[in-house]
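Novice: Here it is: the structure, laid out below.
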Amino acid sequence: MLIENKKIGVGIIGASEGSWAARAHLPALLKLKDQYEVVAISTKSLETAKTAAEKFGVAHAFANEFDLVQAPGVDLVVVAVKVPQHYHLVKTALGAGKMVYCEWPLGNGTPEAEELAALAREKIIKTFNGLQARSLPELKFLKDFIAGGGIGQVLSSNIIGSGGNWGFTLPNERDAYMLDPKNGATMMHVPFAHTMDGVAFCLGEWQAFSALLARQNHELLITSTNQLIPQLSNDHIMVNGTLEGGAVAAVHYRGGSSKSINFYWEIKGSKGEIVVSSPTGHLQFGKLQLQIAADNQELKELPVPDIYGQTAGGTPGTQANSSYSMYHAYKAVANDLAHGTTIVPDFEHAVRRHKFLDAIEKSAAQRGKELV
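Take the sequence shown: its position 202, counted from the start at 1, is 202 in UniProt numbering, and no numbers get skipped.
This is how it looks when you write it as structure tokens:
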């Protein structure tokens, strides 16, 4: 679907105070007023919807998704709520013939994602999935720099990252649902999957791998209530293998935060190495520092050229400035709609990423215990 010479009308499902939509999607869209117009918001109650609509200057507020998808002027429905609700809401929007931007994960498991992708394919509807890392200027530049031979042939890639949640504490109960695998929003589904999509974007997909999953911590403390709750999901993920092109790769994600650094990615090449670091293990949030060491030189900053637009959309940041990555994602969406391209991940891409996570679980389950 091409949208030319008009603003893209957006309806957002899930924009209550403090939500991801309110912190990231809406501020980003308001910075792109030449390309977008947010025309409708829906939340679970009309009161909260009206509050959000008034705050962000949106004309229509609804207490349900059915009215939103039928609202005049809505071209693109954004689903930015908890994962267990994605399937129903996306299906409702597709049923109304609307384009959909659904946050990652697309579904609560691969079967839901496959069904939604099939429905979009059947109805020939343009879709987008929220794997925002590949929209970051830093990763676009990194991909081009490596492809252009900046460090020669890539020999290895090593990542250690922190999940943030899934450690020993949570500030409140809002994110406690992420501790239960049944809700499809574990550390593997969120920061790990976003990072793996970014790695695939820059270096290519995994060619072969083996995985180890472990749950080392079985309960967390909600600090606001001093309550202990079960931690049911894996808080350690280790994957090693080879990437397309033959590079050796290793990834280790663990729950909680590090006292040193929460994200460290070393890419070793035949003519040098690149280090990507961040104060957050959520690669998709941005705030990435790029450094390079050619041959036997010391590490130094690898600046992102202005042409990549790194300074647009606000200062790169973590959740305190979540709109940075969403700004660049929405710019890419608008470009796809204007030119008929498919640069932004769609539902078909999301299904492939869901299947990748399934393969990790399968590999971990089949892993034998060897005594040395």
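Ideal placement from N, C-alpha and C gives every residue a C-beta, glycine not left out.
Look at Gly281 and Ser162 and say whether their C-beta atoms are less than 8 Å apart.
Specialist: Stepping through the sequence shown from its first residue, residue 281 is reached at position 281. Stepping through the sequence shown from its first residue, residue 162 is reached at position 162. Closer than 8 Å, so yes.
Novice: Please report how far the alpha carbon of Pro105 lies from the alpha carbon of Leu212, in whole angstroms.
Specialist: As a working mapping, residue 105 is identified with position 105 in the sequence shown. As a working mapping, residue 212 is identified with position 212 in the sequence shown. Cα-Cα distance, rounded: 21 Å.
Novice: I believe Phe66 touches Thr48 by the beta-carbon criterion, under 8 Å. Please report the beta-carbon distance rounded to the nearest angstrom.
Specialist: Within the sequence shown, residue 66 is the residue found at index 66, counting from 1. Within the sequence shown, residue 48 is the residue found at index 48, counting from 1. Phe66 to Thr48, Cβ: 17 Å. No contact.
Novice: Can you give me the C-alpha to C-alpha distance between Gly184 and Ser210, rounded to a whole angstrom?
Specialist: Here residue 184 refers to the residue found at position 184 when the sequence shown is read from its first residue. Here residue 210 refers to the residue found at position 210 when the sequence shown is read from its first residue. Rounded to the nearest angstrom, the two C-alpha atoms are 22 Å apart.
Novice: How is Met187 classed by DSSP in three states: helix, strand or coil?
Specialist: Taking the first residue of the sequence shown as 1, we reach residue 187 at position 187. DSSP places Met187 in coil when its eight states are reduced to three.
Novice: Beta-carbon separation of Val190 and Val78 under 8 Å?
Specialist: If you number the sequence shown from 1, residue 190 lands on position 190. If you number the sequence shown from 1, residue 78 lands on position 78. No; because the gap between Cβ atoms is not below 8 Å, this pair is not in contact.
Novice: So is Thr195 buried or exposed if we call it buried at 16+ other beta carbons inside 10 Å?
Specialist: Residue mapping note: residue 195 aligns to position 195 of the sequence shown, counting from 1. With 16 or more Cβ atoms within 10 Å of its Cβ, Thr195 is classed as buried.
Novice: Would you decide whether Gly57 is buried or exposed? Buried here means 16 or more other CB atoms lie within 10 Å of its CB.
Specialist: Residue 57 sits at position 57 when you count from the first residue of the sequence shown. Under this definition Gly57 is an exposed residue.
Novice: For Ile12 versus Gln35, is the C-beta distance shorter than 8 Å?
Specialist: Along the sequence shown, one-based indexing puts residue 12 at 12. Along the sequence shown, one-based indexing puts residue 35 at 35. No, the pair does not count as a contact, with Cβ atoms beyond the cut-off.
Novice: Under 8 Å: do the segment 264 to 273 and the segment 151 to 161 share three or more Cβ pairs, one atom per stretch?
Specialist: Yes: the two stretches touch, three or more of their Cβ pairs being nearer than 8 Å.
Novice: Rank Ser224, His236, Ala200 by C-alpha distance to the C-alpha of Asn217 and give the top, closest one.
Specialist: Looking up residue 217 in the sequence shown gives position 217. Taking only the C-alpha atoms, the option nearest Asn217 is His236.
Novice: In terms of residue numbering, what span does the alpha helix (DSSP H) encompassing Ile360 cover?
Specialist: Locating residue 360 in the sequence shown gives position 360, counting from the first residue. Run containing Ile360: 347 to 366, per the alpha helix (DSSP H) assignment.
Novice: What does DSSP give as the partner residues of Gly152 in its beta bridges?
Specialist: For this step, residue 152 is matched to residue 152 along the sequence shown. Its beta-bridge partners are Gly150.
Novice: Helix, strand or coil for Lys268, going by three-state DSSP, please let me know.
Specialist: As a first step, residue 268 is located in the sequence shown; it is residue number 268 there, counting from the start. Lys268: strand per DSSP, three-state reduction.
Novice: For Lys31, does the three-state DSSP call read helix, strand or coil?
Specialist: Position 31 of the sequence shown, counted from the start, is the residue given in the question as residue 31. Three-state result, Lys31: coil.
Novice: If we ignore side chains and look at the alpha-carbon of each, how far apart do Ala329 and Val344 end up?
Specialist: In the sequence shown, counting from the first residue as 1, residue 329 sits at position 329. In the sequence shown, counting from the first residue as 1, residue 344 sits at position 344. Computed Cα separation, rounded: 7 Å.
Novice: Along the alpha helix (DSSP H) that carries Ala334, what are the first and last residues, could you check?
Specialist: As a working note, residue 334 is residue 334 in the sequence shown. From DSSP, the alpha helix (DSSP H) with Ala334 extends over 323 to 339.
Novice: Could you give the residue range of the beta strand (DSSP E) that holds Leu22?
Specialist: Here residue 22 refers to the residue found at position 22 of the sequence shown. The residue you asked about is not Leu; residue 22 is Ala in the sequence shown. No beta strand (DSSP E) contains Ala22, which DSSP labels as neither H nor E.
Novice: Using CA coordinates, which residue listed in Asp75, Ser257, Ala59, Leu283 is at the minimum distance from Trp265?
Specialist: Stepping through the sequence shown from its first residue, residue 265 is reached at position 265. Among Asp75, Ser257, Ala59, Leu283, the Cα nearest to that of Trp265 belongs to Leu283.
Novice: In the DSSP output, which residue or residues are listed as bridge partners for Phe62?
Specialist: Counted from its first residue, the sequence shown places residue 62 at position 62. For Phe62, which the question treats as bridged, DSSP gives the partners Ser42.
Novice: Mark Leu299 as exposed unless 16 or more other C-beta atoms lie within 10 angstroms of its C-beta, in which case mark it buried.
Specialist: Working through the sequence shown from its first residue, we reach residue 299 at position 299. So Leu299 ends up on the exposed side.
Novice: Go to His252, then tell me how far its beta strand (DSSP E) extends in each direction, as first and last residue.
Specialist: Here residue 252 is taken as the residue at index 252 of the sequence shown, counted from 1. Run containing His252: 248 to 254, per the beta strand (DSSP E) assignment.
Novice: Leaving out the 5 sequence neighbours to the left and right, which residues in its chain are closer than 6 Å to Ala61 when beta-carbon positions are compared?
Specialist: Here the question's residue 61 lines up with position 61 in the sequence shown. Result list for Ala61: Ile41, Ala49, Lys50, Ala53, in chain order.
Novice: Would DSSP call residue 378 helix, strand or coil?
Specialist: In this structure the chain extends from 1 to 372, so residue 378 is not present and cannot be described.
Novice: What do you reckon, are the CB atoms on Ala133 and Asp197 nearer than 8 Å?
Specialist: Start at 1 with the first residue of the sequence shown, and residue 133 comes out as number 133. Start at 1 with the first residue of the sequence shown, and residue 197 comes out as number 197. Yes. Within cutoff.
Novice: If you check the beta carbons only, do Leu288 and Leu136 fall under 8 Å apart?
Specialist: Your numbering for residue 288 matches position 288 in the sequence shown. Your numbering for residue 136 matches position 136 in the sequence shown. Contact: yes.
Novice: Can you say whether His86 is buried or exposed, counting buried as having 16 or more other CB atoms within 10 angstroms of its CB?
Specialist: As a first step, residue 86 must be located in the sequence shown, where it is residue number 86. Buried is the call here.
Novice: Please state whether DSSP places Ile307 in a helix, a strand or coil.
Specialist: Taking the sequence shown and counting its residues from 1, the one referred to as residue 307 is at position 307. Helix.
Novice: As a quick exercise: from Ala294, Ser322, Ala332, pick the residue whose alpha carbon is nearest that of Tyr308.
Specialist: For the purposes of this step, residue 308 is taken as the residue at position 308 of the sequence shown. Ranking Ala294, Ser322, Ala332 by Cα distance to Tyr308 puts Ala332 first.
Novice: Cα separation between Phe128 and Asp75?
Specialist: The sequence position of residue 128 within the sequence shown is 128, counting from 1. The sequence position of residue 75 within the sequence shown is 75, counting from 1. Using only the alpha carbons, I get a separation of about 13 Å.
Novice: Taking Cβ positions, are Tyr177 and Lys33 nearer each other than 8 Å?
Specialist: Against the sequence shown, residue 177 aligns to sequence position 177. Against the sequence shown, residue 33 aligns to sequence position 33. Their beta carbons are not under 8 Å apart, which means Tyr177 does not touch Lys33 by this criterion.
Novice: For Lys355, which residues of its own chain have a beta-carbon under 7 Å away from its beta-carbon, when the five flanking residues on both sides are left out?
Specialist: What you label residue 355 is simply residue 355 of the sequence shown in a count that begins at 1. Answer for Lys355: Thr110, listed in chain order.
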